[in-house]
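Following: one structure in structure tokens, then a few remarks.
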């Protein structure tokens, strides 16, 4: 999940891949009513598809790139400027990203925990 500071209600549900030999992205831009406060962002990552959720609701889906079926790592960062352009003058700086918690599960762990996981909702 990525966001541009100048578009606070737009979420970029994006996967970065080198599947074609060059850096490309798959995913969608999703507009939401409110990103203030804490929200739950999710990604169900299977060998066949990537399913993004926002507050428990599916908001985007894409085919899993072939180079994403191997061990990977999670990255959480806050970028200001860059490819989105210079931050607007009214953007609050220094910028903050507040995270309450991050969870990562394997599908086996979820199934063993008897959690109900579907593409529509994670309980």
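Numbering (my numbering), first residue to last: 626 to 748. Don't be surprised by glycine CBs; every beta carbon is placed ideally from N, CA and C.
Do residue j and residue i count as a contact pair if the criterion is CB distance below 9 Å?
{"i": "residue 644", "j": "residue 692", "result": "yes"}
{"i": "residue 639", "j": "residue 626", "result": "yes"}
{"i": "residue 653", "j": "residue 687", "result": "yes"}
{"i": "residue 684", "j": "residue 655", "result": "yes"}
{"i": "residue 651", "j": "residue 690", "result": "yes"}
Out of the options, which has the shortest C-alpha to C-alpha gap to residue i?
{"i": "residue 660", "options": "686, 636, 728", "result": "636"}
{"i": "residue 666", "options": "633, 677, 722, 656", "result": "677"}
{"i": "residue 698", "options": "628, 673, 728", "result": "728"}
{"i": "residue 633", "options": "674, 696, 662, 669", "result": "662"}
{"i": "residue 723", "options": "731, 668, 664", "result": "664"}
Classify residue i: buried if its beta carbon has 16 or more other beta carbons within 10 angstroms, exposed otherwise.
{"i": "residue 733", "result": "exposed"}
{"i": "residue 745", "result": "Reliability fails at residue 745, whose pLDDT of 47 lies under 50, so the model's placement of it is uncertain and the value that follows must be treated cautiously. Exposed."}
{"i": "residue 703", "result": "exposed"}
Could you tell me how far apart the beta carbons of residue i and residue j are, in whole angstroms, since I believe they sit closer than 8 Å?
{"i": "residue 694", "j": "residue 672", "result": "5 Å"}
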